[in-house]
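Protein chains in written order, with the working numbering: chain G, 144 to 416; chain L, 144 to 416; chain F, 144 to 416. Every residue, glycine too, gets a C-beta built ideally from N, C-alpha and C. As the structure is a prediction and not an experimental result, all values here were calculated from the model. The block underneath contains the structure these notes are about, expressed in structure tokens.
Here it is in structure tokens:
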């Protein structure tokens, strides 16, 4: 299958930040095993220990990478504990990382073909540390996969249904109002809500719908940022299909004092029976 | 021409920041189309929506990249509006991005050979979103270019003179004083002024010249950072040839409370007739 | 030797930060000379001018990169002054950068085979600036090395013992107490101390040992982050083998108001005779 090519594409997602050598060292380990691999940072700026944000970014991204891509994902507060390290294949791509919920959205998106726990020490660095499995276990697993080792070699098979799935936020109908939440706040201050298609489109198609954030109302509906009035937030279908609150040329999150997890009520739409 | 090689170099400049998967996703799209391309981040930390800073960084950088380089540049507050997406060739390099002034300096530096608007949907992702043309239109255009598609295939020819050019800051003589501006403040706090060679060198060669920032004077002239006295700002020819105000081991911008666009008056030089 | 391969791996370490095009431009220069090189960012977020932090990150990282790797390291407050630019080989890897102490730890780790000063202008950009040797001298040196030029071609031989070595922080016994220091604070807020193996392990094996930070005591000893009680700092062997103070799910540095260089006293261990 596609993963067996030597010229592999590897995408990294971590909470390691830019200021240490942690990401660089993992890349050194990988390239020592698979010198021809192409490495891409998906992001290394997941907030520290924020497994759910890591999971969300993976969700909105992974299918834009070609078949054969190997995802090295490390947001790993439980490193060295009994949480498993795993690797699995899904839709001709591979994922490697801690089994702590980081794959929660991917596992909703698709069903893995094959899952293993990373317990074969032949494919780890010698004497792995208790605190940096990214370097000592996950990066070597990825490097070996990229150099042609079969996923099944990395360790014992794992029942796919046993993989950790975190409860995922999802807007709920409550007395005729859709109680949504700020799922993610991006670097521009756009607030992405836990409202997916086709509900996103239903809401935007009805000009009576509003978002309520405390006592503030968001009434504008726009298709693009530049359609929005300045200094007034608006509702928009974001590039992942989710409903989002945006502010033209500014940060909606800042204007509305919204943080991840905060409630946003959507009114004006009849709840589905 | 050089662009037709399969082993293309692609340089990215965006305002997407590190914390989302936006840059990574564009790279996934590109590498799906051109698996052998080499990707380099020029910068992804242009201040949000700051087209002019993006244009400036491009200006000081693009000729250091080899012929054949494709620049993917996305600072795009008008995404989804009527602003065009364009691609053009200049000095054996290609540029792809929104036609909103991001190329203003490049178009002063050189004259494009060929310009097209990105309207051929065969080279876009299916059903492009209204809010993320970086992923749905620009990255595919770059990926196709890198895989050997001719630039002319991407869309209809555009008259080069119709490309958007922003008014660019430029120091002006006013009553014997050169009224300059802080054009860019770099990560070290160096303040780069809108004064270019040969004027930079004329100013530095004359030991009587001073920079006035409000009531403060910068009188030191240095060739290198380490020549400067500590705790006192100095004038220096920066690596782009522009006149700059620097502080040894510190931030000149912070010491002088300078922000982009602020005026800096240069005295002591006779204005050219 | 390994360095002569055309498909070189190049690792960058700088204090240039993300917001300018400085790192990108160096990569453009390198890839113009060595189009097949693989570039990896070790980190570009060394605090501005902080040579010792750059040296430390290099120390904990370089041996994880494969033989043949070329390190381009630029933390260079003395750019353009009489400080030398150098290149050297050690354990089949090469290092290129300013001779200002940035290699202090690497030179403790191993002895270079061959050192040259970068004075051969044939391998520099024409008319190098006085303020950006990263672009004009170091990147070209790396690009030429990666394309097969022998290190000895880059300039005159230098006596290895003449390379600048900074005094390195090291914990000291003082009246039965080990006076250690915060050597590095990583992106998670972990505080890494200047205590190395085997002393790290001796301290952690003795349950009576404590760290004193002002009037606060750190008494917990843990092997992994998840073993630690919440809201209480703990001592741990970090992934580089150094003793570290950590806080589960938070920043130990913030909780203890520790900054780099601050003293941390370790008690409860008998000093070795």
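| task | Give a yes or no on whether 8 Å exceeds the smallest Cβ distance from residue 374 of chain L to chain F. | result | no
| Can you name, in chain order, every residue of its own chain whose Cβ lies under 8 Å from the Cβ of residue 259 of chain F, other than the five neighbours on each side? | 229, 230, 231, 294, 295, 297, 298, 299, 300, 301
| residue 178 of chain L - DSSP class collapsed to helix/strand/coil | coil
| field | 8 Å Cβ cutoff met for residue 319 of chain G and residue 183 of chain F | value | no
| message | Does any residue of chain F have a CB that is nearer than 8 Å to the CB of residue 329 of chain G? | response | no
| message | With three or more C-beta pairs closer than 8 Å as the rule, is the region 200–218 of chain L touching the region 151–164 of chain L? | response | yes
| task | Taking only the alpha-carbon atoms, compute the straight-line gap between residue 226 of chain F and residue 393 of chain L and give it to the nearest angstrom. | result | 20 Å
| Got a sec? Which residues, its chain only, sit under 6 Å from residue 233 of chain L by beta carbon, not counting five neighbours each side? | 253, 255
| message | Let me see if you follow: with CB-CB separation under 8 Å, is residue 211 of chain L close to chain G or not? | response | no
| Residues, ordered as in the chain, of the region 392–403 of chain L that lie near chain F by beta-carbon distance below 7 Å | 392
| C-alpha distance - residue 271 of chain G paired with residue 281 of chain G, whole-angstrom precision | 11 Å
| task | With a 10 Å radius around its C-beta and 16 neighbouring C-beta atoms as the bar for buried, classify residue 313 of chain F as buried or exposed. | result | exposed
| message | Quick check: the Cα distance between residue 168 of chain G and residue 187 of chain G, rounded to an integer number of angstroms? | response | 13 Å
| request: Identify the contact partners of residue 274 of chain G in chain F, using a Cβ-Cβ distance below 8 Å as the criterion. | output: 367, 368, 379, 380, 381, 382
| task | Please state whether DSSP places residue 397 of chain L in a helix, a strand or coil. | result | helix
| request: Let me know the beta strand (DSSP E) ranges lying completely inside the region 209–275 of chain L, each 3 residues or longer, listed in chain order. | output: 213–217, 228–233, 236–241, 257–260
| query | From the DSSP output, which residues share a beta bridge with residue 355 of chain L? | reply | L:360, L:408
| said: Helix, strand or coil, according to DSSP, for residue 416 of chain F in the structure here? | reply: Interpretation of residue 416 of chain F is limited by its pLDDT of 49, a score under 50 that renders its predicted location unreliable; the figure taken from the coordinates is listed afterwards. Of the three classes helix, strand and coil, the one that applies to residue 416 of chain F here is coil, per DSSP.
| Proximity below 8 Å, CB of residue 180 of chain L to CB of residue 309 of chain L | no
| residue 346 of chain L - containing alpha helix (DSSP H), residue span | 342–348
| In the DSSP assignment, what residue or residues form a beta bridge with residue 315 of chain F? | F:322
| message | Tell me which residues of the region 161–176 of chain F have at least one Cβ-Cβ distance to chain L shorter than 9 Å, keeping chain order. | response | 161, 162, 163, 164, 165, 166, 167, 168, 169, 170, 171, 172, 174, 175, 176
| task | With residue 198 of chain L as the anchor, note down where its alpha helix (DSSP H) starts and where it stops. | result | 194–204
| query | Whose CA, out of L:405, L:389, L:317, lies closest to the CA of residue 398 of chain L? | reply | L:389
| message | So, for residue 400 of chain L: in the same chain, excluding its five sequence neighbours on each side, which residues have a beta-carbon less than 6 Å away from its beta-carbon? | response | none
| said: Under 8 Å, Cβ to Cβ, is there at least one residue of chain G near residue 281 of chain L? | reply: no
| said: Determine, for residue 184 of chain F, whether the minimum Cβ-Cβ distance to residues of chain G falls below 8 Å. | reply: yes
| task | Using beta-carbon positions only, say whether residue 185 of chain G and residue 164 of chain L come within less than 8 Å of one another. | result | yes
| message | Would you say residue 297 of chain G lies against chain L (beta-carbon separation less than 8 Å)? | response | no
| query | For residue 412 of chain L, which residues of its own chain have a beta-carbon under 7 Å away from its beta-carbon, when the five flanking residues on both sides are left out? | reply | 321, 345, 346, 349, 352
| Cα-Cα separation, residue 224 of chain F to residue 370 of chain L | 8 Å
| said: I'd like to know if residue 413 of chain L contacts chain G, where contact means its C-beta is closer than 8 Å to some C-beta of that chain. | reply: no
| query | Under a Cβ-count criterion, where at least 16 other Cβ atoms within 10 Å of its own Cβ denotes burial, should residue 111 of chain L be classed as buried or exposed? | reply | As shown, chain L starts at 144 and ends at 416. That puts residue 111 of chain L outside it, with no answer to give.
| field | Under the three-state DSSP convention, the category residue 391 of chain L falls into | value | coil
| said: Are the CB atoms of residue 325 of chain G and residue 405 of chain G within a distance shorter than 8 Å? | reply: yes
| Got a sec: is the Cβ-Cβ distance from residue 200 of chain L to anything in chain F below 8 Å? | yes
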